[in-house]
Every structure is written in C-alpha cells, then in structure tokens.
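Residue numbers (the numbering used here), protein chains in the order written: chain A, 45 to 318; chain B, 86 to 342; chain C, 2 to 310.
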Amino acid sequence: MSDANAVVAIRGLSKTFGNAGSETMALSGIDLVIQPGEFVSLIGPSGCGKSTLLRLIGDLTAPSSGSVLVNGKPAAEARLGREYGMVFQAPVLFDWRTIEANVALPLEIVDMPRSQRAGRIAEMLKLVELSDFARHHPWQLSGGMQQRAAIARALAFEPRLLLMDEPFGALDEMTRERMNAELLRIWEQTGITIVFVTHSIPEAVFLSSRIVVMSARPGRITRIIDVDLPRPRSDATRELDGYFSHVTEVRESLKAGHGTADGAVLGTPSEALP
Amino acid sequence: MSDRLRYYLPTLAVFVSGIVIWELAVRGLQIQRFLLPPPSDIAVALFTNRELLLQAGATTLLEAVGGFAIGLTSGLAVAFATARFALARGALMPFGIAANAIPIIAFAPIMNAWFGVTSPVSKMMIVAMLVFFPVMINTVRGLTSADAASLELMRSYAASEREILTRVRIPNALPYFFTAIKVGATLSLIGAIVGEYFGGATVALGRIIVESASFLRFAQAWSAIIVAAALGIGFYLIIIGIERIAMPWHASMRGQA
Amino acid sequence: MTGATASFGRRADLGGAVASIGGVVRSILAFIVVVLIIAVLWESAKWLGGGIWREAFGVVLDPPHHPPLRVTQLNDINLPHVWEVVGALFQPATRRSEHSLFAVLFDAALFTWRGAAIGFVLGAAIGLGLAILFVHSRLLERALVPYVIASQTIPIIALAPMVVLWVGRDWPSVAIISAYLTFFPVTIAGIRGLKSPDPRALELMRSYAANWKAVLWKVRLPAALPYLFTALKISATASIVGAIVAEAPTGIAGGLGRAIIQFNQQFTSGPEKLWATVFMCAALGIAFFGLVRIAEMIVLRNRHREVEA
Chain A
45 MSDANAVVAI RGLSKTFGNA GSETMALSGI DLVIQPGEFV SLIGPSGCGK STLLRLIGDL
105 TAPSSGSVLV NGKPAAEARL GREYGMVFQA PVLFDWRTIE ANVALPLEIV DMPRSQRAGR
165 IAEMLKLVEL SDFARHHPWQ LSGGMQQRAA IARALAFEPR LLLMDEPFGA LDEMTRERMN
225 AELLRIWEQT GITIVFVTHS IPEAVFLSSR IVVMSARPGR ITRIIDVDLP RPRSDATREL
285 DGYFSHVTEV RESLKAGHGT ADGAVLGTPS EALP
Chain B
86 MSDRLRYYLP TLAVFVSGIV IWELAVRGLQ IQRFLLPPPS DIAVALFTNR ELLLQAGATT
146 LLEAVGGFAI GLTSGLAVAF ATARFALARG ALMPFGIAAN AIPIIAFAPI MNAWFGVTSP
206 VSKMMIVAML VFFPVMINTV RGLTSADAAS LELMRSYAAS EREILTRVRI PNALPYFFTA
266 IKVGATLSLI GAIVGEYFGG ATVALGRIIV ESASFLRFAQ AWSAIIVAAA LGIGFYLIII
326 GIERIAMPWH ASMRGQA
Chain C
2 MTGATASFGR RADLGGAVAS IGGVVRSILA FIVVVLIIAV LWESAKWLGG GIWREAFGVV
62 LDPPHHPPLR VTQLNDINLP HVWEVVGALF QPATRRSEHS LFAVLFDAAL FTWRGAAIGF
122 VLGAAIGLGL AILFVHSRLL ERALVPYVIA SQTIPIIALA PMVVLWVGRD WPSVAIISAY
182 LTFFPVTIAG IRGLKSPDPR ALELMRSYAA NWKAVLWKVR LPAALPYLFT ALKISATASI
242 VGAIVAEAPT GIAGGLGRAI IQFNQQFTSG PEKLWATVFM CAALGIAFFG LVRIAEMIVL
302 RNRHREVEA
C-alpha cells in the first residue's frame with residue numbers, strides 16, 4: 045500500500061526527551077502508514093510512547109528525527125490547517141461554557157460564520173446523543189456524557205482524522221463498553237479515520253481494524269495485528285471465538301515485546317511496513 | 086552562583102536604568118528639583134541624615150514588629166479556636182471578611198486617643214488590626230480546606246482530632262498562613278507610618294516624612310520613604326526566607342507556570 | 002456524585018455565600034445581627050469597665066451604675082455610649098452648620114467613594130494589563146514583578162502630598178492614589194489566574210492552531226475570573242483606604258479623610274463625631290465590598306464551586 049492517499053504516514057520517527065546527560069528515548073524507528081477510514085489502535089505498557097506518538101501526529105510535540113505526514117503534508121501544516129480533532133482522557137471541557145458553547149469552541153476559532161454554527165452544533169450533539177443537554181454545564185453531566193461532549197467538539201469542524209488518547213480510561217467498564225459502541229456508530233456514520241490510544245486489550249480488539257502493539261524502552265512497534273472480525277460490531281462480537289483469539293494474540297505480543305530486550309518485530313509484518 | 090545572578094539580571098537592569106533615567110530626566114527636563122528630587126539629591130539627604138534616619142527607622146520598625154506580633158498571635162488564636170466549631174466559623178467569617186473591608190486608617194486617631202499619641206503602643210494596635218484579619222481569615226481557610234481524601238485516610242487510622250490537626254490541617258494551612266503574613270509584613274510598616282501621621286514620637290519615619298513634606302523638603306522626605314520601603318522589603322524577604330525553610334516542598338513548586 | 006468530573010480549570014474559593022436572592026437576604030440579616038452583637042458587646046464592656054452610668058438610652062438610672070473595673074480605653078471619652086454616637090448623627094454637624102452629622106458624613110462618603118471608584122477601575126485595569134503582560138513575557142515578569150511588590154512597601158501616605166502637588170487638589174489625585182493601592186492584588190491574582198488553566202486545555206487550543214489572543218480571551222481570562230474577583234474584593238477595600246489616605250494629609254475638602262482630621266481635632270469635646278465618622282468609613286468599605294461580591298455572584302453564577310472539607 046502506498047503513502048499517496050494515506051491519512052498518516054510516519055517514517056523513521058524517533059523522539060528523545062531530556063537534556064544532554066539525562067535523556068530518555070521515548071520512541072525509536074517508528075514506521076507506520078494509516079489509510080483513510082481505518083480505525084487504528086495503539087496499545088502498549090506505560091512508557092512505550094503511544095501517547096507521545098499520538099501527540100507527534102498532532103504536532104503537539106516535535107520529532108527528534110524522522111518524518112510525520114498528515115494528509116500528505118507535514119504534521120505542523122496539518123495542525124495549522126486544523127485537519128484533525130483531538131480527544132484526551134479528561135474531557136477538558138470549559139467549566140464556564142455550556143455544552144453547546146463548548147462544542148462551538150473550534151468553530152469560533154476557525155471563524156465559521158455564526159449562522160452556520162448553530163446548525164453544526166445541533167448536528168454534532170445529535171450525533172453523540174446529547175441534544176437534550178445543550179444548555180447544561182459540564183459539571184452537571186456524568187463522566188461518560190462529558191466525554192461524548194468532548195467527542196462532539198472534536199468532530200465539530202469535520203476533520204478527516206480523529207486522535208484519541210485513552211478517552212474512556214477514566215470511565216467504568218459498563219460505560220466504557222457503551223461508549224465503544226457509540227464511537228463505532230459515529231465512526232461508521234462519518235467515515236472518519238481514527239487513531240486510538242488505549243491500555244485495554246478488549247477495547248482495542250473490539251474497536252479496531254488494526255492494532256499497533258508497542259513495547260517500551262525505547263518505544264517501538266512490536267507487531268501490527270489485523271483484526272478481521274465482522275462489522276458492524278456489537279455485544280455479540282465479544283462472544284466470538286475470533287474475538288478471544290485476537291485478544292490472546294495481542295496479549296502474547298505485549299508480553300513478548302516486554303520480554304525482548306531490543307524490541308524485535310514479531311509475527312508477520314503486515315502491509316504497513318513495505 | 087552565577088546562575089542566580091543571571092536570573093536576577095533583568096531586575097537589576099531595570100533598577101539601574103530606572104535610576105539613571107530618573108536622574109537624567111530631572112536634570113534634562115529641568116523639572117523643579119524640589120518637586121521631584123533627582124536620585125543624587127536623595128542620596129545626599131540619606132547620607133546627611135543617616136543617624137536620624139537610623140533612629141527613626143528603629144522606632145518605626147519597633148512599632149511595626151510589635152504590632153505584627155500582636156496581630157499574628159491573636160489572629161492565630163482566634164483561627165484555631167473557631168476552626169474547630171463550624172457554627173462559630175459561620176458566624177465569624179463574614180464578620181471577619183467585612184471587618185477586613187473597614188479602612189483601618191479611620192481607627193488611627195482613636196488608637197492614639199486610647200493609648201496615647203506619643204506611645205508606640207497606639208501604633209502597634211493599628212498595625213495589629215491590619216495584620217489580625219488577613220491572618221485569621223487565611224488560617225481558617227487553610228485549616229478547613231484540607232482535601233477530603235486525606236481526612237478520610239486519617240479517619241481510617243482512627244486518628245484523633247488532634248492528630249488530624251497536626252498532621253493534615255496545619256501543613257495544609259501553611260501556604261495560606263504564609264500568604265497572609267507576607268501581606269502582613271508589608272502592611273505593618275505602612276500601618277506604623279500611617280499611625281505616626283496622626284501624631285507620634287518625633288523621631289519616627291512617618292513624622293519625618295510628614296514634616297519634611299510640609300516644609301517642601303522633598304529630598305529629605307524621599308530619603309525617609311526609602312528607608313521605610315527598605316525596611317518593608319527586608320521584613321518581607323525575611324518572611325520568604327522562613328517560608329522557604331518551613332515549606333521546602335511548596336516553595337520549590339513556585340516557578341512552575 | 003458524577004463520574005470523572007474533570008472539567009478543567011482550578012476553581013478558586015468563591016467565599017461561601019449562595020448565589021441567589023435568598024443568599025443575599027440571609028447575608029444582610031446576618032450582618033444586622035452582627036452589628037447588634039457588636040453593640041451589645043460594646044455596652045457590656047462599658048458596663049463592666051467604663052465610666053459611671055447615669056443614664057441608659059435616655060432613661061435615668063437611679064442609683065447610677067458603678068462598673069467594677071476601671072479601664073481607660075472604655076471611659077466615656079474614649080468609647081462613648083452607642084446611643085450617644087447614634088444621637089450625634091441626627092444633631093447638627095458643627096455648631097454653625099444646619100445639616101445633620103449624618104447628612105454631612107453621607108455626602109463625604111459619596112465624595113470619597115467617587116474618587117475610590119474611579120481609582121478602583123483604573124487600578125483594576127492596570128493590574129489586569131500588567132498580569133496579561135507578565136503571563137506572555139517571562140522576561141518582563143522576572144524583571145518587573147519585584148518592583149510591583151516593592152511598590153507596595155512605599156507608604157502611599159507619603160506620596161499623597163506629592164501627587165496632590167502635581168495633579169491638583171481634587172478627585173483625580175484621589176483616584177490616582179487609590180489606583181496605586183488597587184492594582185497590586187489584581188496583578189498578583191491575575192498572574193496566578195491567567196496561568197491556572199489545565200495544560201491540556203492549552204494543548205487543545207494548540208491543536209486548533211489558535212493564536213495567543215484567542216487563547217487569552219477564550220481560556221485564560223475565563224479561568225482567571227474567580228481569582229480576579231477574590232482580588233477585586235480586596236481592592237475594593239484598598240481603594241477606599243487609598244482615597245481616605247489621599248484626602249487626609251492633603252486637606253482635600255469634602256471627603257471622609259477631611260472629616261477624620263476635623264473631628265479628630267475635636268475629639269475631647271465631641272468624641273461621638275469621630276466615632277460616627279469611623280462607622281461611616283466602615284459602612285462605605287463594607288458597602289463597596291458587598292457591591293463587588295454581588296458582581297462576583299452574578300458573573301460567576303454558573304461556575305462549579307469547591308466544597309469545604
């Protein structure tokens with residue numbers, strides 16, 4: 045598969061933190077290509093650099109070496125062009141704005157005409173099923189609802205790419221499973237590309253088309269796993285044999301990556317590494 | 086050590102250039118020297134009157150520190166007494182906050198009447214009033230704002246109220262307390278001088294300022310002002326020093342934006 | 002309660018009172034109760050240690066009451082009876098005047114308040130401006146903040162005559178001196194407040210490629226408001242103090258500063274008038290403070306409040 049249409053194309057990426065003398069290599073030699081419409085999860089132990097990788101795609105930090113292209117341009121340009129939306133683990137909503145005003149934030153920054161804003165906001169809130177709470181304030185909503193609002197905000201200006209950093213990590217298991225289903229519904233409805241960082245193996249398997257398994261010290265890609273479970277996915281999917289075998293596959297890769305000192309790449313290299 | 090110096094370089098640069106500009110402006114623009122004396126005149130006045138200023142500074146400082154001590158101890162006493170009882174707190178806090186809104190300068194003449202115009206005690210009482218309310222309000226706030234998780238932890242250890250006080254509430258209150266006494270330190274010098282304005286011992290900074298100004302000897306007035314400001318800054322820096330020793334964990338957090 | 006209530010922005014303490022009409026009424030009632038308690042304590046102290054009581058509230062006491070203790074500060078000159086002070090309010094201000102003391106003091110309070118209010122607005126604007134400047138320029142912050150702090154160690158009462166000499170004997174001088182005392186708390190609180198937003202919120206704005214003005218207007222300033230209001234309440238008081246300090250030594254007529262000087266001179270013959278002036282100063286300070294408090298309740302009405310442990 046070529047890079048030409050890729051939403052994200054990463055080549056030889058490395059990132060080092062710290063001053064001379066006390067450096068940490070967060071990421072080393074990352075190569076990854078993500079095609080339009082994919083749902084790619086990044087999973088790995090703490091310190092494997094998955095959040096750093098996400099932030100490098102978003103140009104919230106700069107690489108030490110290598111390149112990151114988003115929509116065919118350098119990450120910085122993509123950021124300035126406002127071509128992606130971001131969702132953090134905490135909703136990061138503004139206390140002093142209502143839910144609809146929070147969703148309006150990116151629209152104000154991209155200078156969307158006022159007349160258009162109301163319609164777009166209503167559309168987004170309908171998408172995440174928060175229309176009844178438009179006039180509420182964030183602290184009046186539950187954690188799950190706040191995250192839905194954060195997702196609505198991230199999608200408000202209709203980016204091609206959505207970056208999500210453990211968005212459901214702070215939620216309880218049941219809410220989390222519900223949010224997973226919600227997210228897939230939104231993904232299918234909008235056709236957006238999603239890069240999703242997570243700690244949870246079941247979540248990664250349930251959601252993704254591909255799972256990038258990473259290992260720490262330094263952060264490397266251990267393996268990329270294709271998830272060939274049928275879509276649309278539902279609670280029934282969680283009962284399939286295929287689901288369990290994928291979960292095992294991911295778990296083994298994580299363990300192997302943890303054990304291997306130099307983080308050698310295991311398993312069948314997928315088409316992602318030409 | 087040179088790192089420290091480099092950190093304070095901008096501050097020093099501003100100071101030096103400020104003095105230079107002031108001097109040049111007064112001479113260059115030919116501003117009336119008596120209206121705005123150039124730094125050189127003030128330096129001369131400082132030197133000429135150094136003994137008088139030293140003595141006056143001591144008097145004023147005594148009033149300030151004495152009042153500070155009175156305000157501090159009474160503020161702490163009331164804070165500890167009321168922090169325990171939510172009812173007393175609810176009644177006292179609004180009063181304390183409202184009382185903090187009363188211009189203390191209005192009480193200066195009354196303190197002079199009560200304790201004698203020439204006695205340093207009258208000035209100390211003014212300073213004490215200025216220091217009491219911030220100390221009380223902030224200490225109460227600090228003692229009662231311990232986070233719920235820490236309190237629950239202590240309760241799970243069946244810790245007595247007294248242990249909770251010493252191990253959780255007081256450390257939690259320290260930042261608030263130091264904020265209050267930093268404010269109090271600068272206020273105490275000013276309070277003493279304001280008190281002296283309404284009458285007091287002749288050899289005191291406030292009286293020197295007032296008398297010099299009334300005779301339009303502004304260089305002399307400025308020299309006394311500088312001594313007063315220096316004392317205030319010195320007092321403030323001492324408090325910062327104490328704070329750094331008492332709360333090394335907190336002070337080191339400062340500097341993180 | 003709710004799950005991850007991670008709405009960001011550290012929430013400053015709003016001071017407790019409920020943001021509602023009921024809360025305001027309750028505060029006013031509490032205030033009246035406190036005033037009554039003070040009056041009771043006042044007279045109780047005099048009952049125990051003041052001068053001889055020959056009458057109370059106009060009623061003659063027969064036999065007169067002799068307090069068990071004798072404390073100079075509590076005698077009838079130093080601490081006149083509450084009814085004497087209240088009574089003085091309705092009497093002519095001076096022998097030659099036809100207006101009651103209350104009327105004179107009220108006008109003086111308005112005069113002082115005008116200078117203080119202008120100084121307050123000026124000082125708040127300067128304070129906020131400096132805070133914004135310092136938050137965006139580390140260099141300026143390091144260079145100038147020590148002087149901002151040092152400025153408050155200069156006894157403003159000493160600068161007042163000089164300001165009046167330059168600017169004139171009217172409200173502009175009062176406003177300038179008032180602003181001098183007002184800007185400092187606003188600057189310090191402003192710096193803290195403008196720096197208080199969650200770093201992730203700032204990252205979010207970076208992901209939108211928002212410029213510094215948008216970040217200031219949409220994130221920093223709203224986050225700073227609770228801190229600013231805390232400082233503004235202090236500044237309200239400081240502006241009144243500044244106004245009085247400006248008036249007293251310089252002889253600017255028409256304000257409470259002048260009244261304090263005047264009635265101080267007449268203390269031994271009529272201490273009630275000075276006390277009445279003191280109460281008027283207190284009332285002005287509390288009223289201005291209350292005004293800012295109400296503004297705070299309105300502006301911050303939708304904010305989530307921190308709960309006291």
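Note that beta-carbon positions come from the ideal geometry of N, C-alpha and C, so glycine has one too. Computed from a prediction, not measured in an experiment: that's the story for all the values here.
The alpha helix (DSSP H) enclosing residue i, as first and last residue numbers
| i | result |
| --- | --- |
| glycine 124/C | 102-137 |
| isoleucine 330/B | 303-331 |
| proline 162/C | 157-168 |
| phenylalanine 184/C | 172-195 |
| serine 204/B | It is not in any alpha helix (DSSP H) - serine 204/B carries neither H nor E in the DSSP assignment. |
| alanine 70/A | No alpha helix (DSSP H) contains alanine 70/A, which is instead part of the beta strand (DSSP E) from 68-78. |
| methionine 239/B | 233-241 |
| valine 7/A | What is shown of chain A runs 45 to 318, which leaves residue 7/A out entirely. |
Cβ-based neighbour list, residue i, same chain, cut-off 7 Å, excluding 5 preceding and 5 following
| i | result |
| --- | --- |
| histidine 383/C | No statement about residue 383/C is possible, as the shown extent of chain C runs from 2 to 310 and does not include it. |
| lysine 208/B | Glu148, Gly152, Ala277, Gly280, Glu281 and Gly285 |
| alanine 5/C | Note that alanine 5/C has pLDDT 32, beneath the 50 cutoff, so the model's placement of it is unreliable and no number is given. |
| isoleucine 78/C | Thr269 and Pro272 |
First and last residue of the uninterrupted beta strand (DSSP E) at residue i
| i | result |
| --- | --- |
| glycine 13/A | Coverage of chain A is limited to positions 45 through 318, which leaves residue 13/A absent and any answer about it impossible. |
| tryptophan 54/C | 54-57 |
| valine 61/C | 60-66 |
| tyrosine 128/A | 128-131 |
| aspartate 270/A | 264-270 |
| glycine 110/A | 109-114 |
| arginine 254/A | 254-259 |
Residue j beta carbon less than 8 Å from that of residue i
| i | j | result |
| --- | --- | --- |
| leucine 226/C | valine 122/C | no |
| proline 276/A | glutamate 232/A | yes |
| valine 220/B | glycine 160/B | yes |
| leucine 57/A | isoleucine 74/A | yes |
| valine 291/A | isoleucine 255/A | no |
| serine 101/C | phenylalanine 91/C | yes |
| valine 131/A | methionine 208/A | yes |
| isoleucine 54/A | threonine 242/A | no |
| threonine 154/C | isoleucine 318/B | yes |
| glycine 286/C | proline 194/B | no |
| leucine 137/B | valine 295/B | no |
| proline 274/A | tyrosine 209/C | no |
| valine 271/A | serine 252/A | yes |
| arginine 143/C | isoleucine 253/C | no |
| proline 250/C | isoleucine 157/C | no |
Cβ-based neighbour list, residue i, same chain, cut-off 8 Å, excluding 5 preceding and 5 following
| i | result |
| --- | --- |
| alanine 104/C | Ala94 |
| tryptophan 48/C | Trp54, His66 and Pro68 |
| arginine 192/A | Val172, Glu173, Leu174, Met223 and Glu226 |
| threonine 224/B | Gly160, Leu161, Ala164, Phe165, Ala168, Ala258, Tyr261, Phe262 and Ala265 |
Option in the options with minimal Cα separation from residue i
| i | options | result |
| --- | --- | --- |
| tyrosine 244/C | Ile178/C, Phe185/C, Pro198/C and Ile235/C | Per the sequence presented here, residue 244/C reads as alanine, with tyrosine not at that position. When each option's Cα is compared against that of alanine 244/C, the closest is Ile178/C. |
| isoleucine 150/C | Thr203/B, Leu272/B and Gly227/B | Leu272/B |
| histidine 305/C | Ser159/A, Arg229/A and His180/A | His180/A |
| phenylalanine 250/A | Met218/A, Asp279/A and Gly125/A | Asp279/A |
| arginine 169/B | Leu250/B, Val99/B, Gly142/B and Ile190/B | Leu250/B |
| glycine 62/A | Ser108/A, Lys170/A and Leu205/A | Ser108/A |
Same chain, Cβ closer than 6 Å to residue i, neighbours up to 5 away in sequence not counted
| i | result |
| --- | --- |
| glycine 93/A | Ala70, Leu71 and Gly263 |
| phenylalanine 212/A | Arg220 and Met223 |
| alanine 125/C | Val187 |
| alanine 117/C | Ser179, Ser240, Ile241 and Ala244 |
**Asked** For the segment 197-212 of chain C, which residues have a CB atom closer than 8 Å to at least one CB atom of chain B, in sequence order?
**Response** none
**Prompt:** What are the residues of the segment 139-172 of chain A that lie near chain C, defined by any Cβ-Cβ distance shorter than 9 Å?
**Reply:** Asp139, Trp140, Arg141, Thr142, Leu149, Pro150, Glu152, Ile153 and Val154
**Request:** Can you give me, in chain order, the residues of the segment 189-206 of chain B that have a beta carbon less than 9 Å from any beta carbon in chain C?
**Result:** Ile189, Ile190, Ala191, Phe192, Ala193, Pro194, Ile195, Asn197, Ala198, Trp199 and Phe200
**Request:** Could you list the residues in the segment 98-131 of chain B with a C-beta less than 9 Å from some C-beta on chain C, going in chain order?
**Result:** Ala98, Val99, Phe100, Gly103, Leu120 and Leu121
**the segment 20-38 of chain C: positions lying closer than 8 Å to chain B by Cβ** = Ser28, Ala31, Phe32 and Val35
**Interface positions of the segment 124-135 of chain A facing chain C (Cβ-Cβ less than 9 Å), listed along the chain** = Leu124, Gly125, Arg126, Tyr128, Gly129, Met130, Phe132, Gln133, Ala134 and Pro135
**Residues, ordered as in the chain, of the segment 247-278 of chain B that lie near chain C by beta-carbon distance below 7 Å** = Within the segment 247-278 of chain B, the qualifying residues are Thr271, Leu274, Ile275 and Ile278.
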